[in-house]
Amino acid sequence: MTDQQIIEQRAVSEVARIISSDIRLRPEINISDKIPYVDGGIFVYNSGKRNNECLDFQVPVQVKGTEKKAFDSHPKFSFKKDMLEYYERNSGILFFVVSETTPYTTYYRNFSPTQAKQILKSLKKQNKNQKSITLNLTRVDQKDIWKIVTSSHYLSEVFNSQARIVNVNAVDNLKNVSVTIPVGETIQTALKKEQYIISGLLQDQRVIVDTVDIINISIHKVINVSTIFPNDHIEPSSLEWTSETSFRIVIGKFITVIFSIDTKRFDINWDFKSSSDRDWQLYYDKLNAFKAMLEKRQLNFKSDVFNDGSTTLHFSFSKKINETLKDVYSKLENIKRIIWLENILGKSYATQALDITSQNVLNKLLELYPSVDFNQDVPFLLHETIMADNYYLTYENHELKNVFSNDSPFRTNHVTISNTEDKTMFTKGNPLALIKDKLWTIPNYSTSIVLENFIHPLKSFPSWYEGEVNNLVLSYIEAFDHTQNNDWLQSALKILKFDILTNQELVQINTAQICIRQLDGDIRPVSNSLYNIMQNSPEAQYRAAAALMLNIIAVFSVNWRQMSVDEKKGISEYPLMKLAYGKIKEIIDSDKYG
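Take 15 as the starting number for the sequence shown in my numbering and just add one per residue.
Next comes the structure, spelled out in structure tokens:
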């Protein structure tokens, strides 16, 4: 065996080893050279079983070898004209192995008939009598061998000898234009080595662009694109190559998508820092588009450079984004409130330019925004706040109205309340009953006006309304505790007589705590009703409330332990707590929920 035969045998063994590293590939290669330009083939299977039933196709291969280490510096091979003429009719892969030192290095070049035809044309253009041409090779990465083999088969199928080649001037008329490069090359290196195929659709037929007459192909470092979000919001963007293997798309100066070709992944970075002088509507539109992107996991990109129209990017996240979405939802809700308030006030909302008092006023006004979060608990159209010396509610068209002024719409009998967003359930009611926070601090608050607005309903109230009226009673008791003004207690007693309140045990408990306050702690007038509740009520919280006012420690302690956290808060955070003392107060204070 000659030295060259030994080198060739090493090359065949190395190529066979690389091919066999993928269980779906089976090499059959020798160096007998019985068939010109073919040393064997690679059998490709659709599974690891590698039987005839699983055989998909076969790729012809040719193997060359050398011991010249210098070859690694400039991996090129001189292809003879007759070899290219063979590939013009057929297809295959040429492997080239450098075996001077271990580990060996392996290169390849695959040919489709169309590629061979293009190279022959280039050879003829250079010199009609030229018999060979030197072409660049691509280094083989073992982990890419499956892609190399299957890509070669794809090229031979698509860019076969019957494929139509069109003049470069036809590019403008093509759709779905693509640039095909060898596995292991980047777009930059492929262009430099002239290892690329430009193809596209012309009248629904795949055609190849004649690249022989192309003088130069340049890559746009920055491309202007339009990003189309799933909610149809469009943002001006720019695509910028940052290296040979990565690029980024900057979307509207607030989202950056960074793509890595090597790792086949991308990262999404965003920045929504708030600013005192920003256009809140514009900010809302951008954030809403971002929300749609996160929810749908999709973006569309459109540019004049993309001949096929828009390009859709579908993606998934490597970690949960629940917290991110929650933060976005919260920001959107806040911005909606700001936009709403700006429209009402006719001024921009910029808290940084205001003093603390003014900021607090604006923040209170923002709470007026009718949010769907309150559907089940309070009326959809009514929310409250204090601004300067007046008390305001939103109603109907969400305008701010002074509640206690002489022209207040709440002095009429035409005000209705609803607890559904679509306003399907209305009933007559007293919206002033919804005002309960620190009533003694509200300028011009009038219990008489509130009482006058209670109208007996024509039908049953919504379930939440009775609870709101009962809470108003507790607010009046709390106001008495802060002011010692007996008018608060008298008004509370009047409300307790309304037939709106149907829970008689609760009415008796609240009546009892009012009377105890009015009588400076004397429980005798209400003791019988309290004993009856303590002994017979099915509710632990009512039994405990009665025992608290009667100061019967053992009964209170037993029932306190049976109560839920919310029920305990109903005592510890409300006026009834003012009547607790001694051991009972210690029990409540020592409880972590107390």
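All residues carry an ideal CB built from backbone N, CA and C; glycine is no exception. Since we're looking at a predicted model, the values are computed, not measured.
Discussion item. Using the Cβ count rule (16 or more neighbours within 10 Å means buried), how would you classify His-167?
Written reply: A residue is called buried once 16 or more other Cβ atoms fall within 10 Å of its Cβ, and His-167 is buried on that count.
Fill in: Contact set for Thr-426: own chain, Cβ-Cβ below 7 Å, skip 5 residues either direction
At Thr-426, the pLDDT of 48 sits below 50, so the modelled position is not reliable; the number obtained from the coordinates is stated separately. The answer is none, since no qualifying residue turns up.
Discussion item. With the cut-off set at 8 Å, would you say Glu-81 and Glu-114 are in Cβ contact?
Written reply: It is a contact, given that the beta carbons lie within the stated cut-off.
Worksheet item: Quick one: what's Asn-124 bridged to in DSSP?
Response: Answer by DSSP bridge pairing, in chain order: Ile-107.
Worksheet item: Quick one, are the C-beta atoms of Val-154 and Tyr-118 less than 8 Å apart?
Response: No; because the gap between Cβ atoms is not below 8 Å, this pair is not in contact.
Discussion item. If you reduce the DSSP assignment to three classes, tell me which class Arg-311 lands in.
Written reply: In this structure, Arg-311 counts as coil in the three-state DSSP scheme.
Discussion item. If distances are taken between C-alpha atoms only, which option among Ile-242, Gly-266 and Pro-244 comes closest to Ser-252?
Written reply: Measuring from the Cα of Ser-252, the nearest candidate turns out to be Gly-266.
Practice prompt. Return yes when the Cβ of Glu-492 is within less than 8 Å of the Cβ of Pro-589, no when it is not.
Written response: In contact: Pro-589 and Glu-492 (Cβ atoms closer than 8 Å).
Worksheet item: Straight-line CA distance for Ile-456 to Thr-497?
Response: If you take the alpha carbons of Ile-456 and Thr-497, they lie about 13 Å apart.
Fill in: Buried/exposed call for Gln-576, threshold 16 Cβ in 10 Å
Gln-576 should be labelled exposed.
Item to complete: With a cut-off of 8 Å on the beta carbons, I'd call Leu-151 and Phe-243 a contact; round off their distance for me.
Response: Contact flag wrong, Cβ pair sits at about 44 Å.
Worksheet entry | Simplified DSSP assignment, three categories, for Phe-494 | In the three-state scheme derived from DSSP, where H, G and I count as helix and E and B as strand, Phe-494 is classed as helix.
Item to complete: Using beta-carbon positions only, say whether Leu-9 and Leu-533 come within less than 8 Å of one another.
Response: Residue 9 lies beyond the residue range present for the chain, which begins at 15 and ends at 608; the question has no answer from this structure.
Fill in: Beta-carbon proximity check, Lys-102 vs Ser-175, cutoff 8 Å
In the sequence as presented, Lys is not what sits at residue 102; that position holds Glu. Less than 8 Å separates the beta-carbon of Glu-102 from that of Ser-175.
Fill in: Phe-512 - DSSP class collapsed to helix/strand/coil
In this structure, Phe-512 counts as coil in the three-state DSSP scheme.
Worksheet item: If you draw a straight line from the C-alpha of Lys-63 to the C-alpha of Leu-205, how long is it?
Response: Lys-63 and Leu-205 have their C-alpha atoms spaced approximately 39 Å apart.
Worksheet item: To the nearest whole angstrom, what separates the beta carbons of Ile-602 and Ile-585, a pair I think is in contact under 8 Å?
Response: 7 Å between Cβ atoms; contact.
Discussion item. My output table needs one value for Ile-265: the three-state DSSP class, helix, strand or coil.
Written reply: When DSSP states are grouped into helix, strand and coil, Ile-265 belongs to the strand group.
Worksheet item: Is it buried or exposed for Tyr-343, if we count other Cβ within 10 angstroms and need 16 for buried?
Response: With fewer than 16 Cβ atoms within 10 Å of its Cβ, Tyr-343 is classed as exposed.
Worksheet item: Straight-line CA distance for Lys-316 to Met-307?
Response: Approximately 16 Å between the Cα atoms of the pair.
Practice prompt. Would you decide whether His-428 is buried or exposed? Buried here means 16 or more other CB atoms lie within 10 Å of its CB.
Written response: Low local confidence applies: a pLDDT of 45 at His-428 is under 50, so the model's placement there is unreliable, and no value is given.
Fill in: Buried or exposed by the 16-neighbour rule on C-beta atoms within 10 Å, applied to Asn-444
Under this definition Asn-444 is a buried residue.
Worksheet item: Given that a residue counts as buried once 16 or more other Cβ atoms are within 10 Å of its Cβ, and exposed if not, what is Gln-522?
Response: Only buried fits Gln-522, as 16 or more other CB atoms lie within 10 angstroms of its CB.
Worksheet item: Grouping DSSP H, G and I as helix and E and B as strand, with all else coil, what is Asn-433?
Response: Low confidence applies here, because Asn-433 scores a pLDDT of 45, under 50, leaving its location unreliable; read the following figure in that light. Looking at Asn-433 - three-state DSSP - the assignment turns out to be coil, as it is neither helix nor strand.
Worksheet item: Going by the beta-carbon positions, is the gap between Arg-531 and Leu-503 smaller than 8 Å?
Response: Yes. Within cutoff.
Discussion item. If the criterion is Cβ atoms closer than 8 Å, does the pair Thr-128 and Phe-71 meet it?
Written reply: Cβ distance not < 8 Å, so Thr-128 and Phe-71 don't count as in contact.
Worksheet entry | Rounded separation between Gln-18 and Asp-86 - CA only | C-alpha separation (whole angstroms): 19 Å.
Worksheet item: CB Ile-56 to CB Val-163, shorter than 8 Å?
Response: Yes, the Cβ-Cβ distance between Ile-56 and Val-163 is below 8 Å.
Worksheet item: Do the CB positions of Leu-301 and Lys-345 come within less than 8 Å of each other?
Response: Yes. Within cutoff.
Item to complete: Please confirm whether any heavy atom of the ligand GDP lies closer than 7 Å to the CB of Leu-205.
Response: As far as ligands go, the structure on display features none, and thus does not contain the ligand GDP.
Discussion item. Within 10 Å of its beta-carbon, does Asn-60 have 16 or more other beta-carbons around it, so buried, or fewer, so exposed?
Written reply: With fewer than 16 other Cβ atoms from the protein chains shown falling within 10 Å of its own Cβ, Asn-60 counts as exposed.
Fill in: Candidates Leu-510, Cys-529, Leu-486 and Asp-513: closest to Asn-500 by CA position
The shortest C-alpha separation from Asn-500 is found at Cys-529.
Worksheet item: Smallest Cα separation from Leu-188: which of Glu-208, Ser-604, Thr-200 and Ile-222?
Response: For Leu-188, the nearest C-alpha among the options comes from Ile-222.
Item to complete: With DSSP as the reference, please indicate the residues paired to Asn-238 in a beta bridge.
Response: According to DSSP, Asn-238 bridges with Ser-252.
Worksheet item: For Asn-44, which residues of its own chain have a beta-carbon under 8 Å away from its beta-carbon, when the five flanking residues on both sides are left out?
Response: Excluding residues within five positions, the ones whose Cβ falls inside 8 Å are Val-26, Asp-53 and Gly-54.
Worksheet item: Between which two residues does the alpha helix (DSSP H) carrying Leu-613 extend?
Response: Here the chain has residues from 15 to 608 only, and residue 613 is not among them.
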